[in-house]
Amino acid sequence: MGRTTSVGRARPGKPLPRAAAPRPPWKSATALVTTFALGFAVAFVTGSWTSGPDATERRIAELTQAEAQRDVEQVGTLIDLAKGGRERLTPVLQAMAGASPPQGTATPTIEDVRGWREVVSAEVQRYAETPSAGNGVNVARTGMRTAVEQLAAAVDGFAAAVTAPAPLAADLLTLAGAQRALALRTWSVAALQLDVISIDAGKGHVHVYLPSGPDSGAIPADTAPEGSG
Numbered sequence: 163m164g165r166t167t168s169v170g171r172a173r174p175g176k177p178l179p180r181a182a183a184p185r186p187p188w189k190s191a192t193a194l195v196t197t198f199a200l201g202f203a204v205a206f207v208t209g210s211w212t213s214g215p216d217a218t219e220r221r222i223a224e225l226t227q228a229e230a231q232r233d234v235e236q237v238g239t240l241i242d243l244a245k246g247g248r249e250r251l252t253p254v255l256q257a258m259a260g261a262s263p264p265q266g267t268a269t270p271t272i273e274d275v276r277g278w279r280e281v282v283s284a285e286v287q288r289y290a291e292t293p294s295a296g297n298g299v300n301v302a303r304t305g306m307r308t309a310v311e312q313l314a315a316a317v318d319g320f321a322a323a324v325t326a327p328a329p330l331a332a333d334l335l336t337l338a339g340a341q342r343a344l345a346l347r348t349w350s351v352a353a354l355q356l357d358v359i360s361i362d363a364g365k366g367h368v369h370v371y372l373p374s375g376p377d378s379g380a381i382p383a384d385t386a387p388e389g390s391g
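If you read the sequence shown in this note's numbering, its first letter stands for residue 163, the second for the next number, and so on.
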């Protein structure tokens, strides 16, 4: 009788490793974007610590200093312009005062008025340009420009009075004189502003007031010495 050979159960082998599931493309893209964003944020913060605030503050300080220097130069330019204007306008203002009722009694001629117009028109042109400057300088310059424009209007009133018939001429002279007074008041406000910004610019007091009578309503100059303060 032949030998029988027993056949045992087959041993279970180790399970084969399963292949990793592929990552969805969108997850890879998200990881890349997140990594880039974090790197950018770190670089930005690091850069800000090393140069951001300090560089910004330095730039602001540089701009502020440049504007301050510009205003100092503009103050000097405006002082020179106002002083020259005072010298050029004073003879015209005095002649206008002599022709303005009730104090004035001299009737101007058409030649007189033409001479006034030439001087005042040239002064208006000197204020035609407005360079960039701070508010303080702009206020002073605008006030002086407005004043000389008012003087130009007063000259037109005197010109109309010279050619008008007698009853109307007197009224026109009065109106022209009132316009002159308004110009003096406007200039005095601008002169006060120029005095203030001149002190702030380190140039001391500067008095560029136009000559005016006690009843003109213009602001008088202070008693501080020129250049003090």
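Backbone N, C-alpha and C define an ideal beta-carbon position, used for all residues, glycine too.
Asked                                                                                                                                                                              : Found
Going along the chain, which residues of its own chain have a beta-carbon closer than 7 angstroms to the beta-carbon of Met-163, five neighbours each way excluded?                : The pLDDT assigned to Met-163 is 45, lower than 50, so where the model puts this residue is not dependable; a value taken from the coordinates is nonetheless given after this. Within the same chain, Met-163 has no close Cβ partners at all.
May I ask you to verify whether the segment 270 to 282 touches the segment 317 to 331, counting CB pairs closer than 8 angstroms and requiring at least 3?                         : yes
Could you spell out where the alpha helix (DSSP H) holding Ser-350 opens and where it closes?                                                                                      : 328 to 362
Starting from the Cα of Gln-265, find the closest Cα among Arg-288, Ala-315, Ala-309, Ala-340 and give me that residue.                                                            : Ala-340
From which residue to which residue does the alpha helix (DSSP H) around Ala-384 run?                                                                                              : For clarity, residue 384 is Asp in the given sequence; the question names Ala instead. Segment: none, Asp-384 is in no alpha helix (DSSP H) and carries neither H nor E.
Identify which residue in Asn-297, Ile-222, Trp-349 has its Cα closest to the Cα of Leu-243.                                                                                       : Trp-349
Smallest Cα separation from Gln-231: which of Val-299, Arg-307, Asp-357, Gly-375?                                                                                                  : Val-299
Please report the Cβ distance between Leu-367 and Gly-391, rounded to the nearest whole angstrom; I am assuming they are in contact, meaning their Cβ atoms lie under 8 angstroms. : Note on identity: in this sequence residue 367 is His, with Leu being the wrong assignment. With a Cβ gap of about 5 angstroms, His-367 and Gly-391 count as contacting.
Alpha carbon to alpha carbon, how far is Val-317 from Arg-347?                                                                                                                     : 17 angstroms
What's the gap between the Cα of Asp-357 and the Cα of Arg-221?                                                                                                                    : 31 angstroms
Output the distance between the C-alpha atoms of Thr-267 and Leu-335, rounded to the nearest integer angstrom.                                                                     : 10 angstroms
Which one of Gly-379, Ser-262, Tyr-371, Pro-253 has the shortest CA to CA distance from Met-306?                                                                                   : Tyr-371
Can you look up Lys-365 in the DSSP assignment and give me helix, strand or coil?                                                                                                  : coil
Is Ser-374 helix, strand or coil when you go by DSSP?                                                                                                                              : coil
In angstroms with no decimal places, state the Cα-to-Cα distance between Leu-255 and Val-234.                                                                                      : 30 angstroms
Would you mind sorting Val-474 into buried or exposed? The rule is 16 or more other CB atoms within 10 Å of its CB.                                                                : Residue numbering for the chain in the displayed model covers 163 to 391; residue 474 lies beyond these limits and cannot be assessed.
Just to confirm, are Ala-302 and Ala-352 a CB contact at a threshold of 7 angstroms?                                                                                               : yes
When you compare only the Cα positions, how much space is there between Ala-338 and Leu-240?                                                                                       : 27 angstroms
To the nearest angstrom, report how far apart Ala-345 and Ala-223 are at their CA atoms.                                                                                           : 40 angstroms
Secondary structure at Thr-239, three-state DSSP: helix, strand or coil?                                                                                                           : helix
Given a cut-off of 7 angstroms on the beta-carbon distance, is the pair Ser-374 and Ala-380 in contact?                                                                            : yes
Here's a check: name, in chain order, each residue in its chain whose Cβ is nearer than 8 angstroms to the Cβ of Glu-388, leaving out the five neighbours to either side.          : Gly-366, His-367, Val-368, His-369
Compute the distance between the beta-carbons of Ser-360 and Val-281, then report whether it is under 7 angstroms.                                                                 : no
Going by C-alpha to C-alpha distance, which of Pro-376, Arg-276, Asp-377, Arg-248 sits closest to Ala-309?                                                                         : Arg-248
Report the three-state DSSP secondary structure of Ala-308 (helix, strand or coil).                                                                                                : Here the sequence assigns Thr to residue 308, which means Ala is not the residue at that position. If DSSP states are grouped into helix, strand and coil, Thr-308 belongs with the helices.
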